[in-house]
Amino acid sequence: MPSLPAQDHAHLSMDRRRLLGLGVGAVTAAATGAVVGGSPAAAGSPGHGGPGGPGSSGFALLGDTQIDVDLPERTEGVRWVYQQIAAANPPIVCHVGDLVEHGSVAEYDTYLDTIPAALRPRIRHVPGNHDWRWDSTAGKRYGSLFGPSRYSFDFDGLHFVALDPSHLLQEPGGFGESGIQWLTRDLDKVAPGVPIVLLCHFPFGGDNYYVSDQERLLKLLDRYDVRAMFAGHVHAEQVQRFNGVTQLAVDDTRGTPIYYWVQRAVGSDGPMLKVTAVQRAADGSAEARPVLDIPLAGPRIAAEQRPQAVSLDPAGAALAVSVRLSPHARAANVQAKLYPQHTYGLKDAGPWRNLSPDSAGRRFTGGLDITTLPPGEHRMTVRVTDPDGAWHEQTRAFALPDAGRRLRWSEQLGAPVQAGLAARDDLLVAATTGGTVIGARPTRRGLRRRWQTRIGPVHGRPAFAPDGRTVYVPSDDHRLYALDPATGRRRFTHDAGPRCSAARW
Numbered sequence: 003m004p005s006l007p008a009q010d011h012a013h014l015s016m017d018r019r020r021l022l023g024l025g026v027g028a029v030t031a032a033a034t035g036a037v038v039g040g041s042p043a044a045a046g047s048p049g050h051g052g053p054g055g056p057g058s059s060g061f062a063l064l065g066d067t068q069i070d071v072d073l074p075e076r077t078e079g080v081r082w083v084y085q086q087i088a089a090a091n092p093p094i095v096c097h098v099g100d101l102v103e104h105g106s107v108a109e110y111d112t113y114l115d116t117i118p119a120a121l122r123p124r125i126r127h128v129p130g131n132h133d134w135r136w137d138s139t140a141g142k143r144y145g146s147l148f149g150p151s152r153y154s155f156d157f158d159g160l161h162f163v164a165l166d167p168s169h170l171l172q173e174p175g176g177f178g179e180s181g182i183q184w185l186t187r188d189l190d191k192v193a194p195g196v197p198i199v200l201l202c203h204f205p206f207g208g209d210n211y212y213v214s215d216q217e218r219l220l221k222l223l224d225r226y227d228v229r230a231m232f233a234g235h236v237h238a239e240q241v242q243r244f245n246g247v248t249q250l251a252v253d254d255t256r257g258t259p260i261y262y263w264v265q266r267a268v269g270s271d272g273p274m275l276k277v278t279a280v281q282r283a284a285d286g287s288a289e290a291r292p293v294l295d296i297p298l299a300g301p302r303i304a305a306e307q308r309p310q311a312v313s314l315d316p317a318g319a320a321l322a323v324s325v326r327l328s329p330h331a332r333a334a335n336v337q338a339k340l341y342p343q344h345t346y347g348l349k350d351a352g353p354w355r356n357l358s359p360d361s362a363g364r365r366f367t368g369g370l371d372i373t374t375l376p377p378g379e380h381r382m383t384v385r386v387t388d389p390d391g392a393w394h395e396q397t398r399a400f401a402l403p404d405a406g407r408r409l410r411w412s413e414q415l416g417a418p419v420q421a422g423l424a425a426r427d428d429l430l431v432a433a434t435t436g437g438t439v440i441g442a443r444p445t446r447r448g449l450r451r452r453w454q455t456r457i458g459p460v461h462g463r464p465a466f467a468p469d470g471r472t473v474y475v476p477s478d479d480h481r482l483y484a485l486d487p488a489t490g491r492r493r494f495t496h497d498a499g500p501r502c503s504a505a506r507w
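Position one of the sequence shown corresponds to residue 3 (this note's numbering), numbered consecutively onward.
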């Protein structure tokens, strides 16, 4: 059986306030290490009853259980699924998010109660939007129960990375610079020849627009041997092959009691992952059906369709697009479209504009109407699709100038700025969800930083005291920070309780 690192229980320690806030059932699970998310536990014996057959060392996969205490039939279905998985006895189970409906204590307690005790240490969770979209305390609760929301581990010759682009109290997500840097550092450590599997609640690419900066991730796929991505969120089984990977968005367990069995195998084209769906039939039995095979070696999917160059010219009423392909490309079509900035955490299928090839079939050109776009920064996407339906996509930025106005400057803070800004006299205070707080003086050329400090994640707007001698910053770590606006040093901190992240002034 593939070995896993021993479990690290450090992230399960809790203070009295957090214990009281989690409820009895959840506290018991967290305190005993019954459920983990961020640190792989020692696995049990290989499965003996799963679709992989006797001695199978495959793993189980599921998503979107979305436990709701007011819908007991949903709980019963999830319980059935976990009982089936426990009988298969996999070394690990991967849950791709939306464990519960609203993130409440009662929902998490009910979710944990559906999992057989012997199975709990083997589950690897990633958070979904329902896990902390609706409750300002849910993110903290999730971390107390399952550990870090992003992490990685090795299993069965594969390197798994759990991604978390979600934002507290927000429907869609974004990685930000810090998230991509973390992922890059992790992938840089993977040994050559080890296939990489990504786990995330949100699917990427194609018509999926749930992560606002997904192009950052897709750009990384060209540099590393990422072979598979498993996601959820869309409540439908969706297979897409693009940018070197095979992506499976799993069907939701909340609607139909279903899970997936993923098994390493060797076929005529080399090593692969065989994915089988297992769901409850009308008579209550478990029915299995093959879903897909995911290659783990050989040429990357649609690698030859990657453009050698993409040129953009926003002059005039149309954005002129020119795409040059490799001589080895097998392009059934080359398309372009403006990035749908108006799409907020949804799907968007188009419209795509077909680009016209030259006589050699290597350069494709066309234009996109930009007459309705305002001045400023915009994005567009190029997609090159092969005859088998796999594709490679790239998103590029372009700017539309304004004769009367222009962007003077921008400042990169490394993480999303979800809170409002605070200003007094010549000082501007900004804070990020990564916990960075800066004090700076705006000038015509940029921000002149006076100080920078680190606290917990910030989602609420900072505010100055009436006399201007203190700036108050609420944090998701339950503390209110009083900072000296001249130096950024802490005057004091106050434990304001779990609602501090949503402070109002």
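All C-beta atoms, glycine included, are put in the ideal place defined by N, C-alpha and C.
Worksheet item: Can we count residue 151 as close to the ligand NAD, meaning its CB is less than 7 Å from some heavy atom?
Response: Judged by which ligands are present, the structure shown has none, so any question about the ligand NAD falls away.
Practice prompt. Could you pull out every residue in the same chain whose Cβ sits closer than 6 Å to the Cβ of residue 404, ignoring the five residues on either side in sequence?
Written response: As a first step, residue 404 must be located in the sequence shown, where it is residue number 402. Within the same chain, residue 404 has close Cβ partners 377.
Discussion item. Quick check: the stretch 309-325 against the stretch 266-283, are at least 3 beta-carbon pairs closer than 8 Å?
Written reply: no
Worksheet item: Looking only at DSSP bridge pairs, what is residue 349 linked to?
Response: The sequence position of residue 349 within the sequence shown is 347, counting from 1. Paired residue(s): 210.
Worksheet entry | Residues near residue 240 in its chain [Cβ-Cβ closer than 6 Å; skip 5 each side] | Locating residue 240 in the sequence shown gives position 238, counting from the first residue. Closer than 6 Å at Cβ, skipping near neighbours: 251.
Fill in: DSSP beta-bridge partners of residue 168
On the sequence shown, position 166 is the one that residue 168 refers to. Residue pairing from DSSP places residue 168 in a beta bridge opposite 175.
Worksheet item: Within 10 angstroms of its Cβ, does residue 45 collect 16 or more other Cβ (buried), or is it exposed?
Response: Position 43 of the sequence shown, counting from 1, holds the residue named residue 45. Below a pLDDT of 50, predicted positions are generally treated as unreliable, and residue 45, at 38, falls in that range; the measurement from the model is reported next regardless. The residue in question, residue 45, is buried, as its Cβ has 16 or more Cβ neighbours within 10 Å.
Discussion item. Tell me whether the stretch 328-341 and the stretch 225-233 touch, counting them as touching only if at least three CB pairs, one residue from each stretch, are closer than 8 Å.
Written reply: no
Fill in: Classification of residue 259 by the beta-carbon crowding that lies within 10 angstroms, buried from 16 upward
Here residue 259 corresponds to residue number 257 of the sequence shown, with the count starting at 1. Burial call: buried.
Discussion item. So, with DSSP's three-state summary, where would you put residue 200?
Written reply: Along the sequence shown, read from residue 1 onward, the residue named residue 200 stands at position 198. Here residue 200 sits in strand by DSSP.
Worksheet item: Does the stretch 137-151 come close enough to the stretch 409-429 that 3 or more CB-CB pairs lie under 8 Å?
Response: no
Worksheet item: Does DSSP classify residue 467 as helix, strand or coil?
Response: The residue labelled residue 467 in the question sits at position 465 within the sequence shown. Here residue 467 sits in coil by DSSP.
Fill in: residue 71 beta carbon less than 8 Å from that of residue 112
Here the question's residue 112 lines up with position 110 in the sequence shown. Here the question's residue 71 lines up with position 69 in the sequence shown. Result yes, Cβ atoms of residue 112 and residue 71 sit closer than 8 Å.
Practice prompt. Output yes or no for whether 8 Å exceeds the beta carbon distance between residue 166 and residue 304.
Written response: Residue mapping note: residue 166 aligns to position 164 of the sequence shown, counting from 1. Residue mapping note: residue 304 aligns to position 302 of the sequence shown, counting from 1. Cβ atoms of residue 166 and residue 304: not closer than 8 Å.
Worksheet item: Hey, residue 298 and residue 229 are a contact pair by Cβ (cut 8 Å); roughly how many whole angstroms apart?
Response: Reading the sequence shown from its first residue, position 296 is the one you call residue 298. Reading the sequence shown from its first residue, position 227 is the one you call residue 229. The pair is a contact, with the Cβ atoms about 5 Å apart (cut-off 8 Å).
Fill in: Inter-stretch contact (C-beta, 8 Å, three-pair minimum) for the stretch 190-206 and the stretch 164-180
yes
Worksheet item: Are the CB atoms of residue 342 and residue 211 nearer to each other than 8 Å?
Response: Here residue 342 refers to the residue found at position 340 when the sequence shown is read from its first residue. Here residue 211 refers to the residue found at position 209 when the sequence shown is read from its first residue. The answer is yes: Cβ separation under 8 Å.
Item to complete: Give the straight-line distance between the Cα atoms of residue 479 and residue 335, rounded to the nearest whole angstrom.
Response: Residue 479 sits at position 477 when you count from the first residue of the sequence shown. Residue 335 sits at position 333 when you count from the first residue of the sequence shown. Residue 479 and residue 335 have their C-alpha atoms roughly 50 Å apart.
Discussion item. So, with DSSP's three-state summary, where would you put residue 457?
Written reply: Taking the first residue of the sequence shown as 1, we reach residue 457 at position 455. Coil at residue 457, not helix or strand.
Discussion item. Measuring only the C-alpha atoms, how far is residue 218 from residue 182?
Written reply: If you number the sequence shown from 1, residue 218 lands on position 216. If you number the sequence shown from 1, residue 182 lands on position 180. Roughly 7 Å between the two C-alpha positions.
Worksheet item: Does DSSP put residue 80 in a helix, a strand or coil?
Response: If you number the sequence shown from 1, residue 80 lands on position 78. Looking at residue 80 - three-state DSSP - the assignment turns out to be helix.
Practice prompt. Please state if the CB of residue 338 and the CB of residue 293 are separated by a distance shorter than 8 Å.
Written response: Looking up residue 293 in the sequence shown gives position 291. Looking up residue 338 in the sequence shown gives position 336. Contact: no.
Discussion item. Beta-carbon within less than 8 Å of residue 283's beta-carbon, same chain only, minus the 5 sequence neighbours each way: which residues are those?
Written reply: Translated into the one-based positions of the sequence shown, residue 283 becomes position 281. Apart from sequence neighbours up to five positions away, the residues of its chain that approach residue 283 with a beta-carbon distance below 8 Å are 289, ordered along the chain.
Practice prompt. Within the same chain, show all residues whose beta-carbon is closer than 6 Å to that of residue 79, passing over the 5 residues directly before and after it, in chain order.
Written response: Here residue 79 is taken as the residue at index 77 of the sequence shown, counted from 1. 259.
Fill in: Top-ranked residue by Cα proximity to residue 192, from 399, 156, 209 and 238
Working through the sequence shown from its first residue, we reach residue 192 at position 190. Ranking the options by Cα distance to residue 192, first place goes to 156.
Worksheet item: With distances taken from CA atoms, which of 161, 144 and 386 is nearest residue 366?
Response: Position 364 of the sequence shown, counted from the first residue, corresponds to residue 366. Checked all of 161, 144 and 386; the closest Cα to residue 366 is 386.
Worksheet item: For residue 454 versus residue 438, is the C-beta distance shorter than 8 Å?
Response: Looking up residue 454 in the sequence shown gives position 452. Looking up residue 438 in the sequence shown gives position 436. For residue 454 and residue 438, yes; Cβs fall inside 8 Å.
Worksheet item: beta strand (DSSP E) containing residue 112: first to last residue?
Response: As a working mapping, residue 112 is identified with position 110 in the sequence shown. Premise fails: residue 112 lies in the alpha helix (DSSP H), 107-115, not in any beta strand (DSSP E).
Discussion item. Quick check: what's the CA-CA separation for residue 373 versus residue 340?
Written reply: Numbered from its first residue, the sequence shown carries residue 373 at position 371. Numbered from its first residue, the sequence shown carries residue 340 at position 338. Straight-line Cα distance between these residues: approximately 12 Å.
Worksheet item: Nearest to residue 168 by CA position, among 436, 397, 491 and 223, is which residue?
Response: Here residue 168 corresponds to residue number 166 of the sequence shown, with the count starting at 1. Ranking the options by Cα distance to residue 168, first place goes to 436.
Fill in: Exposed unless 16 or more other CB atoms sit within 10 angstroms - verdict on residue 409
Counting from 1 along the sequence shown, the entry for residue 409 is found at position 407. By the 10 Å Cβ count, residue 409 comes out exposed.
Worksheet item: Excluding sequence positions up to five away, which residues of its chain have a Cβ less than 7 Å from the Cβ of residue 432?
Response: As a working note, residue 432 is residue 430 in the sequence shown. The answer, listed in chain order, is 415, 419, 423 and 440.
Item to complete: Assign residue 186 to one of three DSSP states: helix, strand, or coil.
Response: Position 184 of the sequence shown holds residue 186. The answer is helix: DSSP assigns residue 186 an H, G or I state.
Worksheet item: Is residue 513 helix, strand or coil by DSSP?
Response: No information on residue 513 is available, as it lies outside the stretch 3 to 507 that the chain covers here.
Worksheet entry | residue 2 in three-state terms, based on DSSP | This structure leaves residue 2 out entirely; the chain is present only between 3 and 507.
Item to complete: Going by CA-CA distance only, name the one from 134, 347, 158 and 121 that's closest to residue 110.
Response: Taking the sequence shown and counting its residues from 1, the one referred to as residue 110 is at position 108. When only C-alpha atoms are compared, the closest one is 134.
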